[in-house]
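Have a look at the structure below, then the notes.
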Amino acid sequence: MTAPNPAPATRSWYKRNEIAVTPWLFLAPAMLFFAFYVIWPIYQSIMISFYDWDGLGDATFIGMGNYVELMDDGAFEVSLWNNLKWLLFYLLAIPGGLFIALFLNQTVTGIRLYKSLFFFPFVISQVVVGLVFSWFYLPNEGLLNGVLGLVGLGPINVLGDPDLATYGIIAAGLWPQTAYCMILYLTGLNAVDPEQIEAGRLDNAKGWKMLWYIIIPQLKPATFIAFVVTIIGALRSFDLISIMTNGGPFGQTRVLSFYMFEKALSEYGFRMGYGAAIAVILFLIMLVFIAYFLWSMWREEKGR
Amino acid sequence: MRFTTKSMALALAGSTMLAGMAQAELTGDLKIFLDTSNPAPRATMEKMIGDFGALHPGLNIETTVIDREAYKTQIRNFLTADSPDVATWYAANRMTPYVNAGLFEDVSDLWAEPEIAENLSSTKGAMTIDGKQWGVPYTYYQWGIYYRKDIYAELGLNEPANFDEMKSNCQAIIDSGRACYTIGSKFLWTAGGWFDYLNMRTNGFDFHMELAAGNVKWTDDRVRATFANWRELIDMGAFLENHQNYSWQEALPFMVKGEAAAYLMGNFAVAPLREAGLSDDQLDFYQFPAINPDVALAEDAPTDTFHIPANASNKEAAREFLRYAVSADVQTEINNGDNLGQLPVNASASVDDDKFLNEGFEMLSANASGGVAQFFDRDFPAEMAAEAMQGLQEFMVIPDNLDDILNRLNKVQERVYK
C-alpha cells in the first residue's frame, strides 16, 4: 500500500549529505576568519621577512638577510634573554595565585572585601599598573626607596639600572597576573570534591600533604589554564615595558615584541622586513608552547 | 594659452597683495591634517584655518587634528591611502622617506615666487632635497640654555662665555648641592640635543653635518674629542642623577624647585616653566657657550612645516593655503606669545615682544654665523638617530662604555648609509 518512494536521486545533494556537511557549515565562519585573520597574516609576515622594505617604497628581496643580521644584533640578543626572564619569572604568578586563592577560600567575616581587594589589580589597566609601579620605584620619592631607607638600605634606581630594570617590570607584571591566576584557582577550588577531603582527613592527611595529594591534583584543569595564560602573557609583554621604561635604559628592557615594534612601527623604525623577521622568531617560540598546549589538550580528550 | 592664464594669475596674485586677497575663487574641498595637538597650538591653527576659510568662502575646509605622537606613525598610512591636501611635518632629513617615496608634492614653484623666495630664504636649505623644495615652514624655535637667574645671582655667577667658565660655574653650583643641568633622557632625544651642541661647539657645524651625512666615522678622533668634553661634565656630576627615568617634562620640576640650575632645551620649555611658577625675574636664557674658539657658533632651531601630499586632490587650494600660512602677517600672528610662542620664519614678519623670543631671534639672526641645524633626530637619518641617541643615553649613564658604543654606531652607520 505504500506510495512509491521518490527515487533517491531526486533528493537534493544537501539532504543526502546533511550529516557530513552540517558540522562543516557551522565551522565555516570560524575557519574563514581564522584563515583570513591568522593564517594569512602569518604567511604575509614570513614573506615580508625576506625583504628589505620601509613600508612605502619598493621591497627588495634579500633572502635570509634579515635573519643573518639578527644573529649578529646585540639588541636582539638582549630581547631574547629578556623574553626568557619573563617566561621564567612570570610563572611565579601560578603558585602565588594558588596560595592567595587558598587563603581567600576561608569563611571569615569580611572575606568578600578581601577578595575584591585581591581582584583589584586584575581589573585595572596595564597602563595604570605600569604608572603605579613607576612611581613606586622612583629613585628618590618612591615608596620602595622610602621603605628601604627606613631599614638603612641605600636608594636603588630599579628602572634606571640596566641590570635590574627588567626584573622590576616583571614584578609589576606579576601583580595583575597573580590576581588572574588567583581567580582561576578560586573557581577551581569551588569544584574540589568535599568527600575526597573528608576521606583524606580520615586517613590523617592535613596541611601540606592534604594540599599536595588531595587538592592540587583536583586543580589540574585550573593549573593548565593558568599555565597557558601566563606563558602567553609573558611572551606578549609589551604595554608595561612601553609605559615604565620605553625599552630603556639604552634598550636593556626590550623584549621581542617591543623590539619588533621599535624596528617596524615606531617613530624611527619602519624596517618592515626586519620587524617581520623578529615577529617570525617570536612566532616560532610561541609555536613550541602552542604545540605543547594542543598536544596536552588532545591527550586529555583521548584519555576520557 | 596656458602661459597667458598663468601669467594672468600671477599678475592677479601680485595685485591682490595690495587689494586684500580678492583673487580667483577657490572651490571644492580642502582637507588639512595637523599634528598640533596641544591646546594652544591647536587653537592657533584652527583660528588661522578659519581666517583662511573666510577669505575663500567657496572652499569647504575640513581640519583633522591628530595627536602629535600618533601622527608620526599615521602619516605613512594617510599619505599613501587617504591623502589630505595639506599636512604638517618637519624639515630636513625627517621628510626624506616621503620625498623618496614620491609622497610629497614638489613645491619649488612656490619657492620661485618672489614673495617666498625673498622672505623664507633662511630655511630654503632645510626644505631642499635633490635641488627641489618639498614644503614650506610655518614656525621655528631656538634651543639654548634656560637657567635660574636667582640661583646664579645667589652664587655670584654670570652667564658663561666659554667652556672653562661653564665648568667653573657648574662646580660652584654642584658645591651648593644642586645639579648644574636637569635633563630627562627616558625618550632619548634630549641627549641628542646635548650632543648637537657639544659637537657643533667642538668641531663646528660643517663637521656635524658631515657626521650626519655619514661621511665621518663615529670613532673619528674629532668625535671622540666631543665625547671627552661631555665626559668632563658627566664626571664632575653636572647632570641630574637618574635622568634615564624621566621624560623631558618630568625633569622640569627639578629646575622649578631649584634642585637644578639650568636646562638645555627648546623654547617650548618656557611655557611650562612659567606655568609652574617661575617668573621672568627667575628665568633667563643664554646661548650655549663656545668650546673651541676657532669654530663659529651654530645653533639648533627645528622648523615645523606644511606639505602638500602628492596624492592630494585640491593642490591649487593647498598651494594657496601654503602661501597664506607663510605670509608675513600670518606668521607674525600665529607665532606670537598668545599663540605658538615661537619664531616666525618669514623675514618680514615681526617677533612678538617676549623676552625669550627676542633673545632667541637676536641669537639666531646675529650670533649663529656657523649655521642653523634642525635637530639631532631631524638631521640624522631616522635609523641612525635612533641607535645613536640610545648610545648617547648609555654614555651619559655609563661613560666607560664609550668605545663599545662608538663601534656599534660605526656598524649601524655602514648599514644605514648604503
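Going line by line, the protein sequences match chains A and B.
Just so you know, full-length UniProt numbering puts 231 at position 231 of the first sequence, and the rest follows in order with no gaps.
Just so you know, full-length UniProt numbering puts 67 at position 67 of the second sequence, and the rest follows in order with no gaps.
C-beta atoms are modelled at their ideal positions from N, C-alpha and C, and glycine is treated no differently.
If you're wondering where the values come from, they're calculated on a predicted model, not measured in any experiment.
With 16 or more neighbouring CB atoms inside 10 Å of its own CB, arginine 201 of chain B falls in the buried class. For a Cβ distance threshold of 9 Å, nothing in chain A lies close to alanine 261 of chain B: the least Cβ distance comes to about 18 Å.
Flagged as an interface residue toward chain B: asparagine 246 of chain A, by a C-beta distance shorter than 8 Å. At a cut-off of 8 Å between beta-carbon atoms, glutamate 414 of chain B makes no contact with chain A. Between the C-alpha atoms of threonine 303 of chain B and isoleucine 116 of chain B there is a straight-line separation of about 16 Å. Within the same chain, Cβ atoms closer than 6 Å to the Cβ of alanine 222 of chain A are found at Leu184, Tyr185 and Gly188, the five residues on either side in sequence being excluded. The residue among B:Ile129, B:Lys315 and B:Phe380 with its C-alpha nearest the C-alpha of glutamate 210 of chain B is B:Phe380. Under the DSSP assignment, tryptophan 40 of chain A falls in the alpha helix (DSSP H) whose first and last residues are 40-48. No residue range can be given for glycine 142 of chain A, since it is assigned to no alpha helix (DSSP H) and is classified by DSSP as neither H nor E. In summary, proline 84 of chain B is buried, with 16 or more beta-carbon neighbours lying within 10 Å of its beta-carbon over all protein chains present.
Restricting attention to A:Phe50, A:Phe258 and A:Ile170, the CA atom closest to the CA of valine 68 of chain A is found in A:Phe50. By the Cβ criterion, the stretch 276-288 of chain A is not in contact with the stretch 197-209 of chain A, since fewer than three pairs of Cβ atoms, one from each stretch, lie closer than 8 Å.
Among the residues of the stretch 95-128 of chain A, none has a Cβ less than 8 Å away from any Cβ of chain B. In this structure, phenylalanine 122 of chain A places its C-beta atom within 8 Å of the C-beta atom of proline 176 of chain A. The Cβ atoms of valine 416 of chain B and methionine 384 of chain B sit closer than 8 Å to each other. Taken through DSSP and simplified to helix, strand or coil, histidine 307 of chain B comes out as strand.
Listed along chain B are Asn242 and Asn245, each with a C-beta nearer than 7 Å to that of proline 139 of chain A. For the stretch 45-67 of chain A, residues whose beta-carbon sits nearer than 7 Å to a beta-carbon of chain B comprise Asp54, Gly55, Leu56 and Gly57. For secondary structure counted as the beta strand (DSSP E) over 3 or more consecutive residues, the stretch 318-379 of chain B holds these complete runs in sequence order: 371-373.
The beta carbon of leucine 164 of chain A sits closer than 6 Å to those of Val158, all from its chain and outside the five residues before and after it, given in chain order.
A Cβ of chain B is located within less than 8 Å of the beta carbon of phenylalanine 250 of chain A. Residues of chain B with a Cβ closer than 7 Å to the Cβ of leucine 159 of chain A are, in chain order, Asn245.
Put simply, the backbone Cα of serine 79 of chain A is about 47 Å away from that of asparagine 346 of chain B. Rounded to the nearest whole angstrom, the C-alpha separation of aspartate 58 of chain A and methionine 95 of chain B is 18 Å.
Cβ neighbours of leucine 30 of chain B within its own chain (closer than 6 Å, five residues either side excluded): Leu59, Ile61, Asp85, Asn314 and Ala317. Glutamine 331 of chain B is classed as buried because its beta carbon has at least 16 other beta carbons within 10 Å across all chains shown.
Contact between serine 348 of chain B and asparagine 119 of chain B holds, with the beta-carbon distance rounding to 5 Å and staying under 8 Å.
Counting only runs that start and end inside the stretch 116-167 of chain B, the alpha helix (DSSP H) elements of at least 4 residues fall at 124-127 and 149-154.
Each residue's CA atom was taken as its position, placing proline 309 of chain B and phenylalanine 207 of chain B some 33 Å apart. When C-beta distances to chain B are compared with 9 Å, the residues of the stretch 266-294 of chain A below that value are Ser266, Glu267, Tyr268, Gly269, Phe270 and Arg271, in chain order. Membership of methionine 265 of chain B in any alpha helix (DSSP H) is not indicated; the residue belongs instead to the beta strand (DSSP E) covering 260-266.
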